[in-house]
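Following: one structure in structure tokens, then a few remarks.
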Amino acid sequence: MGNKLERTSQMDAQIQRCPNEVQAYIEDLEDKLRQYKGSDDNPEKQSIKELKAQISELQSIIKEYKSLENQNSDLAIKYSSAIAELEKCRKSNAIIDGKFAQIAHRMNDELQMKYESAMQALNDQKRKMNRAFFDLGIVRAECQELRQENYNLKLRNQSVTSQQKGLNDELQTKYKSAMLTIEERNGEINHMISNLAQLKAECQELRQANENLKLQIEANKQNPFENGNQTATSKQIAFEEHYKALDNKYVDMQEKLFEMQLQNHELRTQLEEANKNLNRSQQVTAEQQTATNTPDATTAPVDVGTSSATPETMHSLSSSDTRTGENNVLIKGFDSSLDNNEIKCMILTMADLMDLQIKNSDITNISRKESKSSRKSNRALIVVELKQIKIKNNMLKNKEKLKNFDSFKDIEIWDYISDDVHQLFQYAKDLKNHGFQAVYLKNNSVYAIKNRTTNSRPILIKTSNQVDELKNGS
């Protein structure tokens, strides 16, 4: 195809140079062919035939050329239209290039701003990371100090434990000695009670004999000259002297018995105090051992000071007494818009400020109590149920520490008293008019004491019927 196009281009050049001569030459050859039509042996005729063949070939080439020329014209038209389209495309490309340049410039500015912002954020993050590494170093140093303190605490706890064991042995010895002393005093008291009973019987016999003598003296007064009056009178005098001696002995025995009862009461009080100290010591030892064995043990000091718990309180702790509300406290001053979870967080914060070791699980329930005041207030009355009565007592004992903090200085904490217990207390106050020395409230319960001077146990009052029975029994 390439050779054909090349030859066509050569022929096209020749035809373009002399088209008229070629045409004339062809016509001349045709005339010569017509002249030699009759003779086949003429050599010129043979050459003319060859030329005719060449002419036919030239004619076919000319036709092909014309066909190619027509195609070339079509291609030229298409080429012109393509050039026009190309020009349009160039113009469109120029417009697109302008818009692209604008977009690229704008995107370049935006990318530059984003890059600068990202670099700024990266620098800030680097500064934060450097600060975090610095803080991490401080925390590591603090952790090392805490580990050292924890180790020292373990050593100190081991020393305290050994001292506590010695103290426990000493308290056990004192406890046994006090028990022996009490048993001896009880034996003496029982002996004195039996002697007192004998004295009472003798006094009763003497009273009866004295009455008989009085009757006899009265009879002798009516017969003053009868024999035996003087003897009866002397007997009466002897009986009266003996009676007075026994009566004095009886009074002395009563005073001694009362004195021994007081001593027995003091010994029992000392015994209860020793028992409390022993229990407290054992509890502190257990807590210290637990703190020593716990990996996350804190370095908070253990309070081994004087406890305000009474024997009844110790009993309620050891026997897990579950009287309703005895572990509750009433807190006033929280905003009424706070929910129970927020209130629990506030209570735990207050416990930290009061130096109390209270966990989240130590708060078993939180409820709200309606105020009886007609005036509306945005401060709620919160009833908090604690896990142990010891936690409640410590909270009541340390509540004044909150006055040192502005956020909690208006918070008030009271021992919770339910409405029915308060009504029972008001009703039981009348026992003071029936021989009882005191009526008081404690741990949401009512107690009454018959006599303060003897070893009198407080009486737990549960119902109003019990109050009536105590009144009638007094």
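As numbered in the numbering used here, residues 603 to 1076 make up the sequence shown, in order.
Even glycine gets a Cβ: it sits at the ideal position worked out from N, Cα and C.
Under the three-state reduction of DSSP output, Asp1012 falls in the coil class, being neither helix nor strand.
Gly935 sits in a strand when the DSSP states are folded into three classes.
DSSP, read as helix, strand or coil, puts Lys651 in helix.
In the three-state DSSP reduction, Ser969 falls in the strand class (E or B).
Rounded to whole angstroms, the Cβ separation of Lys1003 and Ser963 is 23 Å, and the two are not in contact under 8 Å. Annotated as distal: Leu932 and Tyr1049, with beta-carbon spacing of 8 Å or more. Contact between the region 1024-1033 and the region 1056-1073 is present, with at least three C-beta pairs closer than 8 Å. Around the beta carbon of Val986, a 10 Å sphere encloses 16 or more other beta carbons of the protein chains shown; the residue is thus reported as buried. Residue pairing from DSSP places Val1048 in a beta bridge opposite Leu1043 and Ile1063. Between Leu983 and Lys934, the C-beta gap is smaller than 8 Å, which places the two residues in contact. Straight-line measurement puts the Cα of Asp937 at about 5 Å from the Cα of Arg981. Residue environment: Asn942 is assigned as exposed (fewer than 16 neighbouring CB atoms within 10 Å of its CB, all protein chains considered). Distance from the CA atom of Lys668 to the CA atom of Asp676, rounded to whole angstroms, is 12 Å.
Membership of Glu987 in the beta strand (DSSP E) is indicated by the continuous run Arg981 to Leu988.
For Lys994, the enclosing alpha helix (DSSP H) begins and ends at Ile991 to Lys999. Taking Ile1013 as the centre and dropping the five residues before and after it, the same chain places the C-beta of Gly935 and Leu1004 closer than 6 Å to its C-beta, in chain order.
For the set Asn812, Gln818 and Ala821, the Cα lying nearest the Cα of Glu843 is the one of Asn812.
Asn1006 carries a helical assignment under DSSP once its states are collapsed to helix, strand and coil.
DSSP lists Val931 as the beta-bridge partner residues of Asp1017. Put simply, the backbone Cα of Leu940 is about 10 Å away from that of Met948. Using a Cβ distance threshold of 8 Å, Asn1045 and Ile991 count as a contacting pair.
For Glu928, the closest of Lys961, Met956 and Ile993 by C-alpha to C-alpha distance is Ile993. The three-state reading of DSSP puts Gly1037 in coil, since its state is none of H, G, I, E or B.
Annotation: Asn996 to Leu958 spans about 8 Å, alpha carbon to alpha carbon.
In the three-state reduction of the DSSP assignment, Asn1053 falls in the coil class, being assigned neither a helical nor a strand state. DSSP places Lys946 inside the alpha helix (DSSP H), whose first and last residues are Asn942 to Leu955. Separation of the CB atoms of Leu955 and Phe1010 is rounded to 7 Å, and the pair is thereby assigned contact status at 8 Å.
Setting aside the 5 residues that flank it on each side, Leu1033 is surrounded in the same chain by Val1041, Ala1050, Val1069, Leu1072 and Lys1073, each with a C-beta closer than 7 Å to its C-beta; the list follows chain order.
In this structure, the beta-carbon distance from Ile1015 to Lys1001 falls below 8 Å.
In the displayed model, Gln673 falls within a helix according to three-state DSSP.
Burial is judged here by how many other beta carbons sit within 10 angstroms of a residue's own beta carbon; Ala953 has at least 16 and is buried. Excluding sequence positions up to five before and after Ile698, its CB lies less than 6 Å from no other CB in the same chain. The beta carbons of Leu873 and Ile784 sit closer together than 8 Å.
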